[in-house]
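S.K.: So for the sequence shown, the UniProt record's numbering puts the first residue at 1; every next one is plus one. My structure is below; once you've seen it, I'll send some questions.
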Amino acid sequence: MVRKWSRDRDERQPKAILFINEPTITLSKWTKSYQFAKSPKTIIEYASKATDEINYYVPAGAIEKLTKTQVNKYKKQKWNNFDDYKESLKIWKVTLPNNPSLWKKGSCNCSSFFKEFACKHVIGLAIRLKYCTPPPAAKDVKIGEKRKRGRPKKATKALLTK
Ligand SMILES: [Zn+2]
């Protein structure tokens with residue numbers, strides 16, 4: 001009995017550690033990520049041979065299109081002129097492990113990721129790739145609109161009215 005209990009407990013251990021490492025995703029972040037996933041942005045992917053990861057290049061801000069030429073320049077970090085350099089600031093690089101269940105270990109070089117260890121680029125990509133599903137409430141804000149502060153409208157309200 002005691003042996004079984006200790007074994008069960010040991011099995012639970014790795015999960016507990018994993019949980020601590022994972023960032024908490026707020027509803028507002030899910031909403032932004034869902035909108036990002038649904039946006040018509042071009043995303044260019046390159047598998048990394050050295051590590052078991054895939055790099056995704058995402059156009060930043062309001063930019064929707066991205067070309068392979070732009071991404072190649074960005075990867076080399078070699079610019080011919082200042083305009084080229086400025087172009088490179090319009091790209092975010094998202095790295096996801098080549099394993100759907102580990103998407104939360106992904107990273108991005110944008111400022112919100114540095115601050116919060118989670119950003120709409122990583123989560124949005126995971127949504128686009130169907131690695132995760134956002135909570136239904138994240139979808140009830142019109143694309144392009146921001147979630148209003150406070151509690152989201154209860155979707156169950158409609159179900160209760162006869
Ligand atoms: Zn990001």
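Yeah, the Cβ is synthetic: ideal placement off N, Cα and C, and Gly gets one too.
Give the DSSP-derived three-state secondary structure of residue 146 in the structure shown.
M.R.: Coil.
S.K.: Spell out the partners DSSP gives residue 94 in its beta bridges.
M.R.: In DSSP, residue 94 forms a bridge with 56 and 108.
S.K.: Between the Cα of residue 144 and those of 58, 38, 26 and 25, spot the shortest distance and give me the residue it belongs to.
M.R.: Measuring from the Cα of residue 144, the nearest candidate turns out to be 38.
S.K.: Distance check for residue 43 and residue 98, CA to CA, integer angstroms please.
M.R.: The alpha-carbon atoms of residue 98 and residue 43 are separated by roughly 16 Å.
S.K.: Report the partner residues of residue 46 according to the DSSP bridge assignment.
M.R.: For residue 46, which the question treats as bridged, DSSP gives the partners 55.
S.K.: Less than 8 Å separating the beta-carbons of residue 103 and residue 57?
M.R.: Going by C-beta atoms, residue 103 is not nearer than 8 Å to residue 57.
S.K.: Any contact of the segment 118 to 129 with the segment 22 to 33, i.e. 3+ C-beta pairs under 8 Å?
M.R.: With the cut-off at 8 Å, the segment 118 to 129 and the segment 22 to 33 touch.
S.K.: Please confirm whether any heavy atom of ligand 1 lies closer than 7 Å to the CB of residue 112.
M.R.: Yes, the beta carbon of residue 112 sits closer than 7 Å to at least one heavy atom of ligand 1.
S.K.: Tell me, to the nearest whole angstrom, how far the beta carbon of residue 96 is from that of residue 54; I am working on the premise that it is less than 8 Å.
M.R.: About 5 Å; that satisfies the 8 Å criterion.
S.K.: Applying the 10 Å Cβ sphere with the 16-neighbour rule, what's the burial state of residue 91?
M.R.: With 16 or more other Cβ atoms within 10 Å, it is buried.
S.K.: Among 136, 108 and 100, whose alpha-carbon lies nearest the alpha-carbon of residue 129?
M.R.: Nearest option by C-alpha distance: 100.
S.K.: Within 10 angstroms of its Cβ, does residue 77 collect 16 or more other Cβ (buried), or is it exposed?
M.R.: It counts as exposed.
S.K.: Assign residue 124 to buried or exposed, taking buried as 16 or more other Cβ atoms, counted over all protein chains shown, within 10 Å of its Cβ.
M.R.: By the 10 Å Cβ count, residue 124 comes out buried.
S.K.: DSSP state of residue 64, grouped into three classes?
M.R.: Coil at residue 64, not helix or strand.
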